[in-house]
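The numbering of the sequence shown is numbering that gives the first Met the number 0, which starts it at 0 and goes up by one. Quick reminder that beta carbons are idealized off the backbone N, C-alpha and C, glycines included. These numbers were taken from a predicted model, which means no experiment stands behind them.
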Amino acid sequence: MKVYVETYGCALNKADSSLMKALLISRGHEVVREISDADVVVINTCTVRRDSEEKVLKRLKELSRLNKKLVIAGCMAATQPYTLKQVVPTASLISPQNITKIVDAVESNSIVNFILGVRDTSRLTCSVEGVIASIPIAEGCLGNCSYCIVKLARRRLVSYKPELIVGVVKEVVGRGVVEVELTAQDTASYGLDLGNVNLPELLKMIIDNVDGNYMIRVGMANPDTLEPILDEVIEVLKEPKVFKYLHIPLQSGDDRVLKIMNRRYSVDTFISIVRELRRKIPGISIATDVIVGHPGEGDEEFENTVKVINEVQPDKVHIAQYTLRPRTEASAMPQVSEGVKKLRSSQLTKIVEEVGMKINKEYVGGLAKVLIVSKGFRSNSLICRTYNYKPVVIYEDLRVGSSVYVVITNATYYDLRGRLYRVN
């Protein structure tokens, strides 16, 4: 049969879609690029935020009118199966734990629902876009955040075996990948369920066993699981093949709100981790996440978050307005008004942009070696990455995947602009 796969959400979802495509192809099915050519449509869903859910539901209503066999996979299949059945009663459902049953769902003559079960970690694939590969190293997490519905979808931590991950890295690097992103809901918790390996040890195994021209980017690491292995992580981040970059979510700069969120660290812990990273790895880029308007956040608590951002000065901050998710602890709490959330988001965004501009302006006039990772949106533009994962836009006709030297000529709050100095 001809199958069309459409994906929403994070790098884990993209990797799941890649695995589904590979399994379908191995069974003799054809994965098509156009939905009009398909006999079966597979939608891999995301439910992390309300707007993500609404986007998926709107799309499903459109697809229900096509009279094609429909399979709904991903996080919404696990967390909101009844909602999906109300929109598309004839769809088959597959939770993230049952992704490897995609062939059964596609080939079945009846409606099937694979919701329960445990993830099969004997298979691992990744999402590859150009020369960038996103490789999941674990499923699920050890946390229980009050606002998070993904926990209900991805469940408890299940780590992939290190030799499996090393094998996938070796394969994609052999195919020309130059940026390897190791992704998980919390990379710092990797291996805690296995008992004999952790994140820095995995990184060292990859570096020692995979030759080639590539750089590793470590995905999001929570403060509570990062702190016990921080010294080891710092040492491996110093390796030439690892970007000097770390994404550490703050979520709130107020300890009382962090407790309401069920985040298992304090503001001081976050600040001390960032200070130690910057002390031992000069130039490291720090990215973070902040949720504004979480239940329990008043004006004073929000101002505490502003103070932390001004003190820490992260290179990149992703700001999300809290959205109520069903079946979460925070959904039963008194809610902050939409108007207040929008105002706080706007205020914090202005501060974040000022901080980003201040940091990036310091690079102007400097010389940097960069890795070209993709073509830009504009004609003849290229997106490059520095040693600390700063994005640099240049306008040249050069090969994606190559390294060059550039002079930084300008800056915005979110990227750098440069011109070619010399080819490496």
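Between GLY73 and the set CYS144, LEU193, LEU151, the nearest pair of CA atoms involves LEU151.
Looking at ASP50, ASP288, CYS140, ILE98, the one whose alpha-carbon comes closest to that of ALA187 is CYS140. Taking 7 Å as the cut-off, the Cβ atoms of ASN208 and ILE228 do not count as close.
For ALA187, no pairing in a beta bridge is given by DSSP.
ASN66 and ASP38 have their C-alpha atoms some 10 Å from each other.
Straight through space, the alpha carbons of GLY417 and ARG326 are spaced by roughly 48 Å.
Here LEU381 has ILE371, SER373, LYS374, GLY375, VAL392, ILE393, TYR394, GLU395, LEU397, VAL399 as same chain residues with Cβ atoms under 8 Å from its own Cβ, once five neighbours each way along the sequence are excluded. Counting only the Cα atoms, GLN320 lies some 5 Å from VAL291.
In the structure shown, ILE308 adopts helical secondary structure according to DSSP, grouped into three states. Secondary structure at ASN303: helix, using DSSP grouped into helix, strand and coil. Excluding its 5 nearest sequence neighbours in each direction, LYS20 has C-beta neighbours in its own chain below 7 Å: VAL4, VAL30, listed in chain order. VAL165 places its beta carbon 7 Å or farther from that of LEU123. A check of alpha carbon separations from VAL316 across ILE308, LEU323, GLU275 identifies ILE308 as the nearest. DSSP places SER121 in the coil class of the three-state scheme, outside both helix and strand. Each residue's CA atom was taken as its position, placing TYR412 and SER133 some 25 Å apart. Remark: C-beta atoms of THR348 and ALA367 do not approach each other more closely than 7 Å. Taking ARG48 as the centre and dropping the five residues before and after it, the same chain places the C-beta of THR322 closer than 6 Å to its C-beta, in chain order. For VAL179 and LEU249, the gap between their C-alpha atoms comes out near 24 Å.
Beyond the five residues adjoining it in sequence on each side, VAL171 comes within less than 8 Å, by CB distance, of CYS125, VAL127, ALA132, ILE134, VAL179 in the same chain, given in chain order. In terms of CA proximity to LEU22, VAL102 leads the group GLN79, VAL102, GLU226. With respect to GLY252, THR304 sits close: the two C-beta atoms are nearer than 7 Å. Within the same chain, LEU229, ILE233 come within 8 Å of GLU275 by CB-CB distance, once the 5 residues on both sides are set aside. If you draw a straight line from the Cα of ILE358 to the Cα of ARG64, it comes to about 50 Å.
Annotated three-state conformation of ASP288 is strand, per DSSP.
Setting aside the 5 residues that flank it on each side, VAL311 is surrounded in the same chain by ILE270, VAL273, each with a C-beta closer than 7 Å to its C-beta; the list follows chain order.
Counting only unbroken stretches of 4 or more residues, the alpha helix (DSSP H) elements lying wholly within the stretch 309 to 393 are 337 to 360, in sequence order. By the neighbour-count definition (other C-beta atoms within 10 Å, threshold 16), TYR362 is a buried residue. Per the C-alpha coordinates, the member of LEU92, HIS28, ILE114, VAL176 positioned closest to LEU59 is LEU92. For LYS160, the closest alpha carbon among the candidates TYR420, ASN12, MET204 is that of MET204.
Just measuring C-alpha positions, the residue of LYS340, GLN184, ALA410, VAL70 sitting nearest PHE113 is VAL70. The DSSP-derived three-state label of ALA14 is helix. Going by C-alpha positions, GLU226 is about 17 Å away from LYS243. CA-CA distance, PHE301 to ARG343, rounds to 8 Å. DSSP links ALA132 through a beta bridge to VAL127, VAL179. Where ALA410 is concerned, the enclosing beta strand (DSSP E) starts and stops at 402 to 410.
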